[in-house]
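J.: Submitted below is the structure of interest, expressed as structure tokens.
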Ligand code: ZN
Ligand code: ZN
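Numbering (the numbering used here), first residue to last: -14 to 342.
This is how it looks when you write it as structure tokens:
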């Protein structure tokens, strides 16, 4: 990411401070610090004011911080909060209510100069993170392509007898070989009746002939997540499984078609749900249709029933309807997409035709 990108992000956040009648913002969530500065270390605080940004970290990150960010860096011995608190000018300080522990808050209060008021702030940086820049979208495109490549390479080795755990390890290994920093979340490999668990962890169970195989995976590449699910069949799919697959695929298509700038996130969810209701499967669809993603695998906006947010061009979300029948199995189909004016760009480069291995 080029440094002008960080400068413009910090400008937008600073403009928000004035709107919220704050003088300063203490950013404690590391991924938000990364978003605003480029710094990727594991211990930092960022103090953002109209005069500029100051990054506080410890001695382990002296060199890294200087390389990664053009902000002023202060290297602190011991805990960061008392040091930041001491340096505060008078005024209203916003802190990230969802990302400051109670302990940290207590320390902050104990060290605040008397003319500083600490005010909780919700979702300020996260709101900006929802809409991706062209550079971020390009990174996510590559992240999605990388995960798909790993999936395709691994598919050639899938056969009955392989354990879910080994398949998950193979997918993770391929992603890393292709340049990922790590998987974006614990890779899900669920076979047979276990595919009815929407968030199954892979086990020592071996894949069986005729079974459903659900794989949900994604990569972190240069900080950015991708997320995809494909459900395939080991051998010929049973008629009931084929029927479920077609219904989920149709629900996913309907949801994708509903996506465009200005549409409410909940109407995308509704589009998927309507198809599954017609197929008599509404109650088997036990989660929401999708979620935002970017520097985190789950971020705003949620694509769910009661979400009032309107989609904007540049938002990156997943579309992932699924049906889960206990004792039978589950089907989910998921793509990572980016909203644009007339619709969306699907970043997952993969075919969704029914695959029988
Ligand atoms: Zn997923
Ligand atoms: Zn997802």
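Glycine included, each C-beta is placed from N, C-alpha and C at the ideal position.
Hey, is residue 141's beta-carbon within less than 8 Å of any beta-carbon in chain C?
T.: Considering every chain present, this structure includes no chain C. It has just one protein chain.
J.: Let me have the residue list for ligand 2: C-beta closer than 6 Å to any non-hydrogen atom, ordered along the chain.
T.: This selection yields 212, 276, 303, 305, 319.
J.: Rank 111, 73, 247, 107 by C-alpha distance to the C-alpha of residue 93 and give the top, closest one.
T.: Selected option, being the one with the closest Cα: 73.
J.: Given 7 Å as the limit, tell me if residue 254 has its C-beta closer than that to any heavy atom belonging to ligand 1.
T.: The answer is no for residue 254.
J.: Would you kindly check if the distance between the Cβ of residue 339 and the Cβ of residue 181 is under 8 Å?
T.: Going by C-beta atoms, residue 181 is not nearer than 8 Å to residue 339.
J.: Mind checking which residues open and close the alpha helix (DSSP H) that includes residue 202?
T.: Looking at the DSSP string, residue 202 is not in any alpha helix (DSSP H); the run it does join, the beta strand (DSSP E), is 197 to 202.
J.: Taking DSSP as the reference, what is the three-state secondary structure of residue 119?
T.: Helix at residue 119.
J.: Between which two residues does the alpha helix (DSSP H) containing residue 67 stretch?
T.: Taken as a continuous stretch (DSSP letters only), the alpha helix (DSSP H) holding residue 67 covers 65 to 71.
J.: Can you give me the Cβ contacts of residue 116 inside the same chain, cut-off strictly under 8 Å, excluding the 5 residues immediately before and after it?
T.: Closer than 8 Å at Cβ, skipping near neighbours: 297, 298, 299, 300.
J.: Considering only heavy atoms of ligand 1, does any lie closer than 7 Å to the CB of residue 42?
T.: No, the Cβ of residue 42 stays beyond 7 Å of every heavy atom of ligand 1.
J.: Grab the span of the beta strand (DSSP E) containing residue 59 for me, first residue to last.
T.: Its beta strand (DSSP E) spans residues 57 to 61.
J.: May I ask you to check if the CB of residue 214 is nearer than 7 Å to at least one heavy atom of ligand 1?
T.: Yes; taking the cut-off as 7 Å, the Cβ of residue 214 has a heavy atom of ligand 1 nearer than that.
J.: So, using beta-carbon positions, are residue 66 and residue 113 closer together than 8 Å?
T.: It is not a contact, given that the beta carbons lie outside the stated cut-off.
J.: Can you give the Cα-Cα distance for residue 49 and residue 120, rounded to whole angstroms?
T.: Between residue 49 and residue 120, the C-alpha separation is close to 22 Å.
J.: Excluding the five sequence neighbours on either side, which residues of its own chain have a C-beta within less than 8 Å of the C-beta of residue 252, listed in chain order?
T.: Closer than 8 Å at Cβ, skipping near neighbours: 243.
J.: Report yes if the C-beta distance between residue 68 and residue 41 is below 8 Å; otherwise report no.
T.: Yes. Within cutoff.
J.: List the endpoints of the continuous beta strand (DSSP E) containing residue 173.
T.: From DSSP, the beta strand (DSSP E) with residue 173 extends over 173 to 176.
J.: Quickly, what does DSSP pair residue 31 with across the bridge? List them, please.
T.: Partner(s): 12, 40.
J.: Within 7 Å: the Cβ of residue 315 and any heavy atom of ligand 1?
T.: No, the Cβ of residue 315 stays beyond 7 Å of every heavy atom of ligand 1.
J.: Nearest to residue 327 by CA position, among 7, 10, 320, 247, is which residue?
T.: Ranking the options by Cα distance to residue 327, first place goes to 247.
J.: DSSP puts residue 113 in a beta bridge; with which residues?
T.: The partner list for residue 113 (beta bridge, DSSP) is empty, contrary to what the question assumes.
J.: Under a three-way DSSP split, which group does residue 18 fall into?
T.: Three-state DSSP puts residue 18 in a helix.
J.: Is residue 79 near ligand 1, judged by its Cβ being under 7 Å from some heavy atom?
T.: Because no heavy atom of ligand 1 lies under 7 Å away, the Cβ of residue 79 does not count as near it: no.
J.: Tell me, please, which residues DSSP counts as bridged to residue 102.
T.: According to DSSP, which records beta bridges pairwise, residue 102 is partnered with 77.
J.: Ignoring anything shorter than 3 residues or poking outside the region 203 to 261, list the beta strand (DSSP E) runs there in chain order.
T.: Correct list: 204 to 206, 213 to 218.
J.: Enumerate in chain order the residues of its own chain whose CB-to-CB distance from residue 221 is below 6 Å, with the five nearest sequence positions on each side excluded.
T.: Contacts found: 341.
J.: By the DSSP assignment, the beta strand (DSSP E) with residue 186 in it spans what residues?
T.: From DSSP, residue 186 is part of no beta strand (DSSP E); its letter is neither H nor E.
J.: Can residue 210 and residue 281 be called in contact, C-beta distance under 8 Å?
T.: Yes; because the gap between Cβ atoms is below 8 Å, this pair is in contact.
J.: May I ask you to check if the CB of residue 157 is nearer than 7 Å to at least one heavy atom of ligand 1?
T.: Result no, Cβ not under 7 Å from ligand 1.
J.: Starting from residue 408, trace the alpha helix (DSSP H) both ways and give me its first and last residue.
T.: Since the first and last residues shown for the chain are -14 and 342, residue 408 lies out of range.
J.: Which word fits residue 168, buried or exposed, when buried means at least 16 other C-beta atoms lie within 10 angstroms of its C-beta?
T.: Buried, since its Cβ has 16 or more Cβ neighbours within 10 Å.
J.: Provide the residue span of the beta strand (DSSP E) that contains residue 93, from first to last.
T.: Per DSSP, residue 93 belongs to no beta strand (DSSP E); it is in the alpha helix (DSSP H), 87 to 96.
J.: Kindly identify the DSSP beta-bridge partner or partners of residue 309.
T.: Residue 309 is bridged to 315.
J.: Would you check if the distance between the CB atom of residue 305 and the CB atom of residue 263 is smaller than 8 Å?
T.: Contact: no.
J.: Quick one: residues in its chain with C-beta nearer than 8 Å to the C-beta of residue 134, no 5 flanking neighbours on either side, listed in chain order?
T.: Excluding positions up to five away in sequence, the list reads 159, 163.
J.: Looking at residue 276 and residue 302, is the spacing between their C-beta atoms short of 8 Å?
T.: Closer than 8 Å, so yes.
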